[in-house]
Every structure is written in C-alpha cells, then in structure tokens.
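Residue 153 is where the sequence shown starts when you use the numbering used here, and the numbers rise one by one after that.
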Amino acid sequence: MNHFEEFNIPVQFFPDLNLIRNRYYELSRLYHPDLKDTTHGLAESELEQKSSDLNSAYRILMAFDLRVAYVLTLYGLMGDTDKASVSSSFLMEMMDVNESVMEAKLEADTERLRSIAKEVEQLQDERMKEWEAHCRQFDKTQDQGLLSQIKDDYLRNKYLLRLKEQLEQEV
C-alpha cells in the first residue's frame with residue numbers, strides 16, 4: 153500500500169493538506185502503541201512499525217519536494233537521483249553560472265557573488281512556477297506524459313537549490 157492509499161487520497165502533487173493532516177491524526181489514534189484498546193489486537197512491535205510508517209508517510213506527503221519525488225517513484229521515474237540528469241542546455245547554463253562564480257571568488261568580488269546569487273534565486277523562482285504549473289496540470293489531467301517534464305523540473309530545482317546554498321556560504 154502506498155502513502156496515498158494509506159491516507160485514502162488520490163495520487164496528486166497538490167493534495168488537500170488539511171485532509172492529510174486530519175487523516176494522519178485519525179490514523180495516529182488508531183495505531184498509537186500507547187492506545188492498546190484501539191489497536192485491533194496488533195502486537196506492540198507491529199504497532200510501533202505501523203506508527204513509524206505512518207509518521208514517515210505523513211512527512212513525505214506534507215513536504216512538496218518529498219511528495220514530488222515520491223510520486224515520481226510511484227510511476228517508476230525516480231531511482232538513483234544521483235545518476236539522473238537534466239537537459240544539456242540547463243547544464244550548459246549552469247556551467248556558465250559556475251564559471252562566473254569561480255571568477256568572482258578568484259577576484260574576491262563579493263558584490264558580483266551577491267548579484268549571481270540574486271540571479272540564481274530569480275531563476276529558481278521562475279523554474280518553481282513552471283514546475284508547479286506542470287504538477288497542477290498533471291493533477292487535473294493525470295497525463296503521464298507530463299511526468300518526465302516534472303522529473304526534469306525536480307532535478308533542476310535540486311541543482312539550483314544546491315547552487316543557491318553554496319552561494320549563500322560564499323557571500
């Protein structure tokens with residue numbers, strides 16, 4: 153049973169978070185190891201495992217990035233994300249950004265680093281809007297053809313987030 157089935161909701165990138173929260177509280181009361189009178193005769197170890205699984209599912213379903221990765225995994229599009237790659241045009245764009253960062257670091261130009269960080273943040277915001285639009289479109293249509301674009305959006309966002317964090321440390 154996947155996390156969406158556990159919470160009795162459809163597989164979506166933007167599910168009703170209030171419904172997830174309410175269902176989580178309901179299931180928590182049902183499977184909490186300390187509430188043995190509501191556990192339908194399950195052994196304590198089973199209850200602890202069920203409670204742990206429930207907590208993990210809740211954490212994944214409530215966080216957008218984790219939820220996207222989980223949905224992509226359900227559709228067989230995510231495995232080892234370290235081996236997954238984004239488009240060559242995006243990588244070329246990021247090579248240019250990284251080259252600018254290296255030059256600014258060599259020149260000890262903190263103002264230029266701040267400018268690059270701002271550009272990366274703007275790029276991430278733009279990409280995030282596109283990513284969310286693709287996810288919402290999938291939720292409406294369930295068009296599995298969108299999933300490869302959503303995966304690419306996800307990987308790009310991870311890359312931009314890492315770059316942004318590195319720049320924040322430099323500035």
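Backbone N, C-alpha and C define an ideal beta-carbon position, used for all residues, glycine too.
Check whether the Cβ atoms of residue i and residue j sit closer than 8 angstroms, and answer yes or no.
{"i": "Q274", "j": "K316", "result": "no"}
{"i": "L169", "j": "I161", "result": "no"}
{"i": "L206", "j": "S241", "result": "no"}
{"i": "V223", "j": "V163", "result": "yes"}
{"i": "L229", "j": "K303", "result": "yes"}
{"i": "L298", "j": "Q289", "result": "yes"}
{"i": "L243", "j": "V272", "result": "no"}
{"i": "Q294", "j": "Y227", "result": "no"}
{"i": "H184", "j": "S203", "result": "yes"}
{"i": "Y306", "j": "A221", "result": "yes"}
Report all residues from its chain with a CB closer than 7 angstroms to the CB of residue i; omit the five preceding and five following residues, and keep chain order.
{"i": "I268", "result": "V249, S252, V253, A256, L319"}
{"i": "Q301", "result": "H286"}
{"i": "A260", "result": "none"}
{"i": "T225", "result": "none"}
{"i": "H155", "result": "A209, I212, L213, Y222"}
Just reading off the alpha helix (DSSP H) that residue i is part of, what are its end residues?
{"i": "V272", "result": "262-293"}
{"i": "M254", "result": "240-258"}
{"i": "N174", "result": "169-183"}
{"i": "I302", "result": "299-322"}
{"i": "V227", "result": "The question names Val, but residue 227 is Tyr in the sequence shown. Run containing Y227: none; DSSP gives neither H nor E here."}
Would you grab the beta carbon distance between residue i and residue j for me? Rounded to a whole angstrom, and I think it's under 8 angstroms.
{"i": "F159", "j": "A209", "result": "7 angstroms"}
Residues in the same chain with beta-carbon distance under 8 angstroms from residue i, minus the five sequence neighbours each way, listed in chain order, please.
{"i": "N309", "result": "D217, Q276, R279, M280, W283"}
{"i": "V323", "result": "T262, L265, R266, A269"}
So what's residue i in DSSP terms, helix, strand or just coil?
{"i": "L206", "result": "helix"}
{"i": "V163", "result": "coil"}
{"i": "S237", "result": "coil"}
{"i": "A221", "result": "helix"}
{"i": "M153", "result": "coil"}
Kindly examine the ligand MN and report whether one of its heavy atoms sits closer than 7 angstroms to the Cβ of residue i.
{"i": "Q276", "result": "Although the ligand MN was asked about, the structure shown includes no ligands whatsoever."}
Note down, in chain order, each residue of its chain lying with its Cβ closer than 6 angstroms to the Cβ of residue i, except the 5 sequence neighbours on either side.
{"i": "Y176", "result": "Y210"}
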